[in-house]
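Below: one structure, written as structure tokens.
Protein chains: 2
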Amino acid sequence: MDKPVRIALDAMGGDHGVAVVVPAAMAYAASDPGVELILVGDETAIGEKLGGEHSRITVHHASQVVGMDELPSQALRHKKDSSMRVALNLVKEGHADACVSAGNTGALMATARFVLKMLPHVDRPAIITALPNTASQTWVIDLGANVDSSEEHLFQFAVMGAEQVAALSGIERPRVGLLNIGEEEIKGNEQVKKAHELLQASDLNYLGYVEGDNIFDGSVDVVVADGFVGNVSLKSSEGVAKMIRHFLQESFRQNLLTKFAGLVALPVLKAFARKIDPRRYNGASLLGLNGVVIKSHGGADQLAFGNAIGIAKKAVHNNISHRIARHVEAQLAAREQA
Amino acid sequence: MDKPVRIALDAMGGDHGVAVVVPAAMAYAASDPGVELILVGDETAIGEKLGGEHSRITVHHASQVVGMDELPSQALRHKKDSSMRVALNLVKEGHADACVSAGNTGALMATARFVLKMLPHVDRPAIITALPNTASQTWVIDLGANVDSSEEHLFQFAVMGAEQVAALSGIERPRVGLLNIGEEEIKGNEQVKKAHELLQASDLNYLGYVEGDNIFDGSVDVVVADGFVGNVSLKSSEGVAKMIRHFLQESFRQNLLTKFAGLVALPVLKAFARKIDPRRYNGASLLGLNGVVIKSHGGADQLAFGNAIGIAKKAVHNNISHRIARHVEAQLAAREQA
Numbered sequence: 428m429d430k431p432v433r434i435a436l437d438a439m440g441g442d443h444g445v446a447v448v449v450p451a452a453m454a455y456a457a458s459d460p461g462v463e464l465i466l467v468g469d470e471t472a473i474g475e476k477l478g479g480e481h482s483r484i485t486v487h488h489a490s491q492v493v494g495m496d497e498l499p500s501q502a503l504r505h506k507k508d509s510s511m512r513v514a515l516n517l518v519k520e521g522h523a524d525a526c527v528s529a530g531n532t533g534a535l536m537a538t539a540r541f542v543l544k545m546l547p548h549v550d551r552p553a554i555i556t557a558l559p560n561t562a563s564q565t566w567v568i569d570l571g572a573n574v575d576s577s578e579e580h581l582f583q584f585a586v587m588g589a590e591q592v593a594a595l596s597g598i599e600r601p602r603v604g605l606l607n608i609g610e611e612e613i614k615g616n617e618q619v620k621k622a623h624e625l626l627q628a629s630d631l632n633y634l635g636y637v638e639g640d641n642i643f644d645g646s647v648d649v650v651v652a653d654g655f656v657g658n659v660s661l662k663s664s665e666g667v668a669k670m671i672r673h674f675l676q677e678s679f680r681q682n683l684l685t686k687f688a689g690l691v692a693l694p695v696l697k698a699f700a701r702k703i704d705p706r707r708y709n710g711a712s713l714l715g716l717n718g719v720v721i722k723s724h725g726g727a728d729q730l731a732f733g734n735a736i737g738i739a740k741k742a743v744h745n746n747i748s749h750r751i752a753r754h755v756e757a758q759l760a761a762r763e764q765a
Numbered sequence: 428m429d430k431p432v433r434i435a436l437d438a439m440g441g442d443h444g445v446a447v448v449v450p451a452a453m454a455y456a457a458s459d460p461g462v463e464l465i466l467v468g469d470e471t472a473i474g475e476k477l478g479g480e481h482s483r484i485t486v487h488h489a490s491q492v493v494g495m496d497e498l499p500s501q502a503l504r505h506k507k508d509s510s511m512r513v514a515l516n517l518v519k520e521g522h523a524d525a526c527v528s529a530g531n532t533g534a535l536m537a538t539a540r541f542v543l544k545m546l547p548h549v550d551r552p553a554i555i556t557a558l559p560n561t562a563s564q565t566w567v568i569d570l571g572a573n574v575d576s577s578e579e580h581l582f583q584f585a586v587m588g589a590e591q592v593a594a595l596s597g598i599e600r601p602r603v604g605l606l607n608i609g610e611e612e613i614k615g616n617e618q619v620k621k622a623h624e625l626l627q628a629s630d631l632n633y634l635g636y637v638e639g640d641n642i643f644d645g646s647v648d649v650v651v652a653d654g655f656v657g658n659v660s661l662k663s664s665e666g667v668a669k670m671i672r673h674f675l676q677e678s679f680r681q682n683l684l685t686k687f688a689g690l691v692a693l694p695v696l697k698a699f700a701r702k703i704d705p706r707r708y709n710g711a712s713l714l715g716l717n718g719v720v721i722k723s724h725g726g727a728d729q730l731a732f733g734n735a736i737g738i739a740k741k742a743v744h745n746n747i748s749h750r751i752a753r754h755v756e757a758q759l760a761a762r763e764q765a
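As they're listed, the protein sequences go chains A and B. Residue 428 is where the first sequence starts when you use the numbering used here, and the numbers rise one by one after that. Residue 428 is where the second sequence starts when you use the numbering used here, and the numbers rise one by one after that.
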């Protein structure tokens with residue numbers, strides 16, 4: 428039998444802290460004997476929520492909390508005993524295989540980088556997550572860790588993203604696309620054009636330029652973008668989905684007749700809602716680090732946070748960090764020989 | 428009575444050319460006595476579709492067509508008698524008040540700039556369109572005319588966009604937001620940060636930074652972005668909307684029971700679909716030019732193209748170009764005095 432995967436959870440992070448993280452951990456541990464969860468944070472607050480012993484759950488005290496609006500530099504300097512930092516230390520020291528936090532993204536990135544250090548040849552962490560497409564899933568990297576990414580950065584995102592998808596989804600040679608705009612004459616900016624050349628020369632399964640709508644049409648497995656662009660794309664998509672849900676609900680609420688129609692259609696609408704439920708996609712990976720770090724959405728509920736734990740487990744099982752390190756190394760070697 | 432608005436239509440542009448533009452013109456002219464439409468393009472092809480005289484419609488022959496994939500520089504050099512160029516010439520020479528084209532965006536931009544010239548103090552044309560939000564509409568500028576926009580460009584987009592919205596929607600002081608990402612430490616790139624300062628010092632109704640989801644939640648009237656970012660945001664949003672439509676249809680097609688539910692819900696779903704119908708938002712304005720130029724989506728159908736004609740008419744009625752010129756001038760004067 429496999430050794431259980433040990434996951435350190437930042438119990439104080441996110442908009443809801445222990446109120447979400449502790450019950451999510453209890454539900455997850457109860458359903459999966461393959462994990463050991465370490466709740467990191469204020470032991471009194473955690474203990475109250477836990478209300479007794481639970482198999483596969485331990486508590487590790489940490490006296491501080493990183494605020495959701497706290498500057499990363501402040502957190503790094505003044506919160507050395509924060510639940511976030513201590514959870515990352517557990518990974519660093521080999522007491523945990525992965526860390527999951529719903530805390531402040533900037534602080535998590537800076538602290539993870541400081542504690543775990545970068546993989547060789549990787550300049551900065553990048554954020555990747557899966558989004559639904561009409562066929563299955565598309566992974567987008569970077570979602571906001573980096574702005575003004577150089578062609579080298581974009582290339583590194585592509586290499587790391589492809590390996591993450593290969594490891595997690597089982598697609599052997601994921602189709603990689605570089606996010607661009609469609610107007611011929613002014614196609615892309617300089618960095619994107621140069622990254623395009625690097626990718627064409629690589630042995631990735633590189634399809635070329637893609638546009639924003641290709642994220643959702645199943646034509647590509649990994650979409651590579653600068654963090655500014657990727658973040659705006661993600662947030663815009665969330666905004667549209669929310670607006671559409673609003674209009675759909677509103678349409679069925681008009682009058683008695685539409686309400687009756689809604690009643691009849693309810694099971695169908697529920698099945699539909701499950702398909703695009705953002706909670707099912709919660710759990711973004713910070714790639715490029717010496718260790719597995721998963722960022723949960725700050726507002727995640729129990730179901731969503733549980734999903735992020737599941738991604739952490741899968742990432743450890745598939746030995747993501749080592750695979751990415753090896754892959755980055757190989758790609759660079761290939762480029763140097765070329 | 429007002430003088431009719433004369434609109435030159437590039438009859439050969441777009442994926443469907445005369446097959447869409449001519450019937451759209453016939454339908455529009457039949458319903459609105461306030462316009463005179465000039466169909467520009469191959470007179471034989473247009474004549475066949477027209478099938479006789481129509482009040483408020485004239486034909487203006489042009490021998491060439493700009494291909495949808497043709498390089499703007501090529502179109503500019505070799506297509507001096509293209510339907511697109513001739514339609515723009517009619518505006519330049521005062522024979523038309525506005526031009527509508529569903530042709531190649533890059534070629535339209537380059538040709539419009541060459542023929543009509545820029546307004547004083549404006550460096551480049553920018554593309555703006557309205558998108559639905561939960562309350563009414565949000566306008567986004569730029570949608571792909573410019574990449575690597577400087578802070579000055581972003582500032583010009585804001586000034587032009589605010590004036591367009593004031594003129595077309597009647598909101599006196601439109602709320603302007605600057606598109607950015609939410610991670611505190613790395614908030615924005617240099618250009619965005621500097622544009623933020625310019626906007627704060629201006630007398631626009633500037634709300635500050637917004638994120639991608641704010642485009643659709645009604646919290647702002649004008650969203651300002653670099654063209655690369657704006658284009659990716661727009662295309663991503665279209666992609667999500669399309670995927671959601673796909674899943675919704677699929678959910679109702681599962682089995683006899685869900686099909687029955689779909690039948691009952693059909694009128695509601697139709698009303699809902701109308702609300703987010705992208706055809707209703709067809710017609711983007713090229714701002715910053717000495718004249719009104721409206722870009723229709725290349726794949727627009729008759730309804731969508733008719734909507735673009737309506738926007739052209741409204742823009743002329745509200746004297747957009749002059750208002751923008753005056754507004755840009757005033758904003759620059761204010762900045763120079765400051």
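For glycine and all other residues, C-beta sits at the position ideal for the given N, C-alpha and C. Nothing here was measured: the structure is a model prediction, and the numbers come from that model.
Query                                                                                                                    : Result
Where the stretch 637-665 of chain B meets chain A: residues whose CB sits under 8 angstroms from a CB there             : E638, G639, D640, N641, I642, F643, D644, A652, G654, F655, V656, N658, V659, S660, L661, K662, S663, S664 and E665
Outcome for S563(A) when other beta-carbon atoms lying within 10 angstroms are tallied against a minimum of 16           : exposed
Alpha-carbon spacing of V755(B) relative to L714(B), whole angstroms                                                     : 12 angstroms
8 angstroms Cβ cutoff, L675(A) in contact with chain B                                                                   : yes
Own chain partners of A572(B) with C-beta closer than 7 angstroms, once the 5 adjacent residues on each side are dropped : M536, R551, P552, A553, I554 and G654
Euclidean distance between Cα positions of P431(B) and G444(B)                                                           : 25 angstroms
Exposure of G639(A), with buried meaning 16 or more beta-carbon neighbours within 10 Å                                   : buried
Local Cβ density within 10 Å of Q627(A), reported as buried at 16 or more and exposed below that                         : exposed
Below-8 angstroms beta-carbon distance, V574(B) vs any chain A residue                                                   : yes
Cβ neighbours of H724(A) in the same chain (closer than 7 angstroms, five flanking residues each side left out)          : A529, N709 and A731
Nearest residue (CA-CA) to E470(B), options K506(B), E497(B) and S510(B)                                                 : S510(B)
Where T556(B) falls: helix, strand or coil (DSSP)                                                                        : strand
Buried/exposed call for H522(B), threshold 16 Cβ in 10 Å                                                                 : exposed
Residue environment, G726(B), which counts as buried when at least 16 other CB atoms sit within 10 Å                     : exposed
Selection from K519(A), V518(A), Q491(A) and M439(A) that minimises the alpha carbon distance to K506(A)                 : Q491(A)
Opening and closing residue of the beta strand (DSSP E) in which H488(B) lies                                            : I484 to H488
Minimum Cβ-Cβ distance from M670(B) to chain A less than 8 angstroms                                                     : yes
Alpha-carbon to alpha-carbon, E497(A) and K662(A)                                                                        : 21 angstroms
Nearest-angstrom Cα separation, counted from M439(A) out to E612(B)                                                      : Its pLDDT being 48, under 50, E612(B) is placed unreliably by the model, and the measurement read from it follows with that caveat. Each residue's Cα considered, the two are about 21 angstroms apart.
Opening and closing residue of the alpha helix (DSSP H) in which K662(B) lies                                            : G654 to F679
Spatial distance of K740(B) from L558(B) (CA atoms)                                                                      : 19 angstroms
Under the three-state DSSP convention, the category V743(A) falls into                                                   : helix
Which of helix, strand or coil DSSP assigns to L464(A)                                                                   : strand
Helix, strand or coil at G737(A) according to DSSP, with G and I counted as helix                                        : helix
Limits of the unbroken beta strand (DSSP E) element including Y455(A)                                                    : Run containing Y455(A): none in the beta strand (DSSP E); it sits in the alpha helix (DSSP H), V445 to S458.
Own chain, CB closer than 8 angstroms to S712(A), minus 5 neighbours either side, in chain order                         : I554, I555, T556, Q591, V719, V720, I721, K722, I738, A742 and I747
The stretch 660-674 of chain A in contact with the stretch 656-675 of chain B per 3-pair CB rule at 8 angstroms          : yes
Where N641(B) falls, given that 16 or more other Cβ within 10 Å makes a residue buried                                   : buried
Of the residues D728(A), N516(A) and T685(A), the one placed nearest P705(A), counting alpha carbons only                : D728(A)
Closest residue to F541(B) among L716(B), H744(B) and M495(B) (Cα-Cα distance)                                           : L716(B)
For V542(B), the first and last residue of its enclosing alpha helix (DSSP H)                                            : T532 to L543
P460(B) classed as buried or exposed, judged by whether at least 16 other C-beta atoms fall within 10 angstroms          : exposed
Among E677(B), D648(B), H744(B) and Q758(B), nearest to D630(B) - alpha-carbon criterion                                 : Q758(B)
For E612(A), three-class secondary structure by DSSP                                                                     : With a pLDDT of 48 at E612(A), under the threshold of 50, the modelled position of this residue cannot be trusted, and the question is left open.
R762(B) to G615(B) span [Cα, whole Å]                                                                                    : 23 angstroms
N- and C-terminal bounds of the beta strand (DSSP E) containing R433(A)                                                  : V432 to D437
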